[in-house]
Amino acid sequence: MQIEKIPENTVTEKSYSRTDWQGGYESLPQEYDYGIDDIEGQIPRGLQGTLFRNGPGLLDVNGQRIHHPFDGDGMISRITFSDGRAHFRNRFVRTTGYIEEQKAGKILYRGVFGTQKPGGWLANIFDFKLKNIANTNVIYWGNKLLALWEATEPHRLDPYTLETLGKEYFNSVLSEGDAFSAHPRLDPNSHQDGGAPCLVNFSIKPGTSTTITIFELNIAGEIVRKYAHIVPGFCFIHDFVITPNYCIFFQNPVRFNPIPFALGMRSAGECIKFQPQQPTRIIVIPRIPQSGQTGIKILETQAGFVFHHVNAFEVEKEIFIDSICYESLPEVEPKSDFRQVDFAAGSPGQIWRFHLNLQNQTVQRELIESRCCEFPSIHPENVGRPYRYLYIGASHAETGNAPLQVILKIDLESGKKQLWSAAPRGFVGEPIFVPRPDAKQEDDGWILTLVYDAAHHRSDVVILDASDLQKGAIAKLHLKHHIPYGLHGSFTSGVFAATGADQVAEGNEAE
Ligand code: FE
741 MQIEKIPENT VTEKSYSRTD WQGGYESLPQ EYDYGIDDIE GQIPRGLQGT LFRNGPGLLD
801 VNGQRIHHPF DGDGMISRIT FSDGRAHFRN RFVRTTGYIE EQKAGKILYR GVFGTQKPGG
861 WLANIFDFKL KNIANTNVIY WGNKLLALWE ATEPHRLDPY TLETLGKEYF NSVLSEGDAF
921 SAHPRLDPNS HQDGGAPCLV NFSIKPGTST TITIFELNIA GEIVRKYAHI VPGFCFIHDF
981 VITPNYCIFF QNPVRFNPIP FALGMRSAGE CIKFQPQQPT RIIVIPRIPQ SGQTGIKILE
1041 TQAGFVFHHV NAFEVEKEIF IDSICYESLP EVEPKSDFRQ VDFAAGSPGQ IWRFHLNLQN
1101 QTVQRELIES RCCEFPSIHP ENVGRPYRYL YIGASHAETG NAPLQVILKI DLESGKKQLW
1161 SAAPRGFVGE PIFVPRPDAK QEDDGWILTL VYDAAHHRSD VVILDASDLQ KGAIAKLHLK
1221 HHIPYGLHGS FTSGVFAATG ADQVAEGNEA E
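Each residue of the sequence shown is one higher than the one before, starting from 741 at the first, in my numbering.
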C-alpha cells in the first residue's frame, strides 16, 4: 500500500490536533549540556551571541499536576551561537520553593494561578506564602543574568553555568519580597543618560488603590532613578510601554475578591473577574520624576484585556500604542484542566493601535491585525520610537482562536504581511528579532524561535530570515528533547559557552 505523503505545511481543515499540542506541556525534569549537531540548513556565521529563554520546566511535582502552566517552576534554556555552531544548556532556577518541593516530592505551595496544596480548602486556608517561581523572563543587563517573575524580586544566575547565585536587590534598592516586573523595556537612547541605553522596569503593589513604582537602570545594572505613583483602584498589570518621555500602563477593567483566596477555596488568580461594563484606563506617567501626582494623566477607552504591548511612540502631542487585546480575561476555573482547553470557545488576542491625544484627553483605536496572535517582537533600537516591522506568534487559521503555529511579520507602513507556518504538527513560541551586524534596513536580521515538534516530541530552534519569511527556515536545530512551552526570553551578543568541535562531539547530559 502506498501512503500519500503530506508535504510540509499543507494543512487541511483544523491546523492542529489538541493531542499534539498537549505534548508540549509535559515536564522536562532533565538538565542538559551539549553541542547541537542535528541541524537542517546552516547557522548564519554573523549570528553571534546567546538566546536565553525562560518558562515553566515542570508541569507537575513528582506526579502531582500543577493547575496552570504559569505556576510551573522556572527553567532557563540557553542557546549559544558562535562561528556557525550552537550549544544548548538548560537549568532550573534553584528557588527556595523548587528546592523544598523537589526534596519533599510533593506540592508545598499554593500557586497564584490555581495550584493548591493537596488536601482541599482546609490545607490551603489562610496560607498566603508566595512561591517565587522565577519563570517568566530572563534578561542579561549590567553583566547580570536575571530570571524574572513579576510578583517578587529577581534571581541572579551565572551566565556560563546557569547556576543560581541568589536573589538580586540592586544594592538594597529593593527589599525582601519587593516586586520587579518580568517586562522591562530597553530604552536604546536615554535622554537622561546622555544617550546611553537604559533599562526601564516597574513594580505593582495592588490594593484598593495601587502603587506603581518605576525603576530606571544604567548600563552598569544599577537603579539610578526610582519614582512611585498611586492610582485609584485595583491593578492587574503585566506589561507596559515606554517612549522617551513617558511610561504607559493599561489598567484592565477587573475586580479582585480576596475572600475565596483567603478561605483556601480559590487561588488569587481565580479571584480576578473581568468587568466588561467598565472602561480600560490608560495611565500615562512622565519619565522625568516630578513631585506628587503632577504630570500623570489617566485616559479611558473601551473595555478589553491586555497582557502584552508591542511598542509605543510619540508623534508631536500624540502617543501611539500597539497592543494585543482580548475581548475579556480568560478565566481559570478551579476544577478545569488547562490541557483540555477548548480553543474555539476563547477570544483571540488581536493587535490594536491606540492614538492618545494628551491635550484633549481622547483615545481612538483601530484594529491592525485580527488574526489570533501573541508574543510580539521588534527591532531593539526602535523601542519607544516610530517603527515599521513587527513579528509575532500567530494562529495558522486567519480567523478564530487557536494555538500559535505561525510567525507573522507585519509591515505597518505598507500593510503587507508575511508568514512562516509550523503547522500542522509544530507549535511556535515567542519570536525574537536579532539585527544582522551592520544592517542598514530595519528588517535585516534573523528571527529566532523555539518550535515544539509533536511528530518527534522534541523542540527545534528555528532561524528565519526576517527580511523574507517566505524563504522558509534558514536553519532548524533539532534538540535532543522537547522544551515545555515557554514564556519570554532575550538575545544578547555575549557568547557564554564554547561551541567548538569538542563540545559538539560530547552531547552529554549534565546530570
Ligand atoms: Fe508576558
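For glycine and all other residues, C-beta sits at the position ideal for the given N, C-alpha and C.
Hey, is D1062 close to the ligand FE, as in C-beta under 7 Å from one of its heavy atoms? no
Supposed contact pair P1224 and P769 - C-beta distance, whole angstroms, cut 8 Å: Not quite, the Cβ-Cβ distance comes to about 10 Å (not below 8 Å), so this is no contact.
Within 7 Å: the Cβ of T1189 and any heavy atom of the ligand FE? no
Alpha helix (DSSP H) containing D760: first to last residue? R758 to Q762
Evaluate the contact criterion for the region 1112-1119 versus the region 1163-1172: three or more CB pairs, one atom per stretch, below 8 Å. yes
With 16 other CB atoms within 10 Å as the buried threshold, where does S757 fall? exposed
Near Q1104, what residues of its chain come up, given a Cβ to Cβ distance below 7 Å and the 5 sequence neighbours on each side ignored? H1095
Below 8 Å on the Cβ atoms is my contact criterion, and I expect G1155 with C1112 to pass it. Report the Cβ-Cβ distance as a whole number of Å. The pair is not a contact, with the Cβ atoms about 19 Å apart (cut-off 8 Å).
Based on Cα-Cα distance, which residue from I1022, Q1099 and E780 lies nearest to E1056? Q1099
Sequence-distant residues of its chain with Cβ nearer than 6 Å to L798 (five each side left out): S767, G812 and D813
Under the three-state DSSP convention, the category Q1158 falls into: strand
For H978, I'd like the list of residues in its chain whose CB is within less than 6 Å of its CB, leaving aside the five on either flank, ordered along the chain. F1047
Length at least 3, wholly inside the region 978-1020: the beta strand (DSSP E) runs in chain order: 986-991, 994-996 and 1012-1014
Look at the alpha carbon of Y967 and the alpha carbon of S943, and state the distance between them as a whole number of angstroms. 11 Å
Please confirm whether any heavy atom of the ligand FE lies closer than 7 Å to the CB of D813. no
Please name the residue in V994, A1052 and A1134 whose C-alpha comes closest to that of E1067. V994
Kindly indicate the opening and closing residues of the alpha helix (DSSP H) around Q842. T836 to A844
Give me the Cα-Cα distance between H808 and G851, rounded to the nearest whole angstrom. 8 Å
State the Cα-Cα distance for the pair L885 and D773, rounded to the nearest angstrom. 18 Å
With DSSP collapsed to three states, give me the class of Q770. coil
Please confirm whether A1215 and Q782 have their CB atoms less than 8 Å apart. yes
Give me the Cα-Cα distance between N992 and L1144, rounded to the nearest whole angstrom. 24 Å
Short of 8 Å in beta carbon distance, which residues of its chain neighbour V1123, apart from the five on each side in sequence? Order them along the chain. R925, L926, D927, P928, I982 and N1051
Run the CB neighbour count on K843, radius 10 Å, all protein chains shown included, and call it buried at 16 or more, exposed below. exposed
Which residues in the same chain as A1137 place their Cβ atom closer than 7 Å to its Cβ, once the five residues preceding and following it in sequence are excluded? S755
DSSP beta-bridge partners for K884? W881
DSSP three-state label for A1085, please. helix
Mind checking which residues open and close the beta strand (DSSP E) that includes G1133? Y1129 to A1134
Beta-carbon contacts of T820 that lie in its chain and below 7 Å, excluding the five residues immediately before and after: T790, A826, H827, V1235, F1236, A1237 and T1239
Answer yes or no: do K1149 and Y1131 have a C-beta to C-beta separation smaller than 8 Å? yes
Is R922 near the ligand FE, with its Cβ less than 7 Å from a heavy atom? The sequence given here places Ala at residue 922; Arg does not occur at that position. Correct: A922 has its Cβ closer than 7 Å to the ligand FE.
Taking only the alpha-carbon atoms, compute the straight-line gap between R818 and F832 and give it to the nearest angstrom. 11 Å
Of the residues K1211, A1084, D800 and S1007, which one's Cα is nearest the Cα of F853? S1007
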